[in-house]
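Numbering (the working numbering), first residue to last: 7 to 65.
Okay, so here's the structure we're looking at.
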């Protein structure tokens, strides 16, 4: 599921609003350890501005 989420995020990275929606979906569907890896990957691949902190706050 992590690799699928990465592919989707790469495909929608041209549009920040789509990226935000897909990032939120990935966060909801991934295991906790995969979320940590996803955050690192997004930061490395797209830069820290793409890691939207409110999405990663657990309720």
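Note that the Cβ used here is the ideal one computed from N, Cα and C, for glycine as well.
Just so we're clear, the structure is a prediction, and the values are computed from it rather than from any experiment.
Apart from sequence neighbours up to five positions away, the residues of its chain that approach residue 16 with a beta-carbon distance below 8 Å are 51, ordered along the chain. By a beta-carbon distance limit of 8 Å, residue 40 contacts residue 7. Their separation comes to about 7 Å. The Cβ-Cβ distance between residue 36 and residue 11 falls below 9 Å. Your pair residue 32 and residue 44 checks out as a contact, with CB atoms roughly 6 Å apart and the cut at 8 Å.
Leaving aside the five residues that flank residue 56 on each side, the residues in its chain whose CB is nearer than 7 Å to its CB run, in chain order, 25, 48.
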